[in-house]
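Reading the sequence shown from the start, the letters are residues 2 to 217 in this note's numbering. In this text, a Cβ means the ideal position worked out from N, Cα and C, and glycines have one as well. What follows is a single structure, written as structure tokens, with notes after it.
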Amino acid sequence: MIVVLVGPPASGKGTQARIMEEKFDLKALSTGEMLRAAVEQQTEIGQQVEERMASGDLVPDDLIVAMVAERIKASDCANGAILDGFPRTLAQAEMFDEVLSKRNLELSLVILFEADDEAMVERISGRFSCASCGEGYHDINKPLTREGICDVCGEKRFRRRADDNPETIRHRLGDYHSLTEPLLPFFREKDVLKSVDAMAEMDDLKFAIESLMKAT
């Protein structure tokens, strides 16, 4: 079973992938983690990736696809895999489809995490964490109980990621729309695309995804 998660940054794909991994005995894989592992292990693909990254070049689609194709052959993917962040472009999707076809496999399900852009800007830009224990907070959704004091450890210092600002977030969302949304007609044509409300409560989102998985 090969499941693909598609959606804007911070829409909950990574969290849900980990939940699905445990629930359905599939291996959750993210492109970033696969790239880091390939480089660390100095595989043939990893060495090529490292050369590209060292020179500041983007890793080409064919190399990304080759890396994923190799990774899903591993024993921990025997029951299938959940792919978060791949395919990211139409070219990657088409090449990966050819890889699966040669192995007599096919995409089982593509889950689209739908979210309003401005709601995503609010969700991401409001995040901050305790500088000591790492507990996560949000200006609106999870504010501090006592102003300026961590609920968990009492620390008074907090951190916000430098790229969690509205301008950068809107730029990332723009990249998502221009690169990833052209994938959707490709998946629709294969009749594997289903959508969920990424802004729903965690339990509701989890239930919606489980229902899609069980119906596949």
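- With respect to the C-alpha of residue 108, the residue from 4, 215, 214 and 172 having the closest C-alpha is 4.
- Sorting 128, 53 and 87 by C-alpha distance to the C-alpha of residue 181 places 87 at the top.
- In this structure residue 7 is buried. Its beta-carbon is surrounded by 16 or more other beta-carbon atoms within 10 angstroms.
- When secondary structure is reduced to three states using DSSP, residue 67 falls in the helix class.
- Distance from the CA of residue 24 to the CA of residue 207, rounded to the nearest whole angstrom, comes to 11 Å.
- Under the DSSP assignment, residue 97 falls in the alpha helix (DSSP H) whose first and last residues are 91-103.
- Under the three-state reduction of DSSP, residue 212 is assigned to helix.
- Put simply, of 120, 171 and 183 the residue whose alpha carbon is nearest the alpha carbon of residue 201 is 120.
- DSSP, read as helix, strand or coil, puts residue 174 in helix.
- The secondary-structure analysis by DSSP pairs residue 82 across a beta bridge with 3 and 28.
- With a beta-carbon spacing of about 16 Å, residue 58 and residue 93 fall beyond the 8 Å limit used to define contacts.
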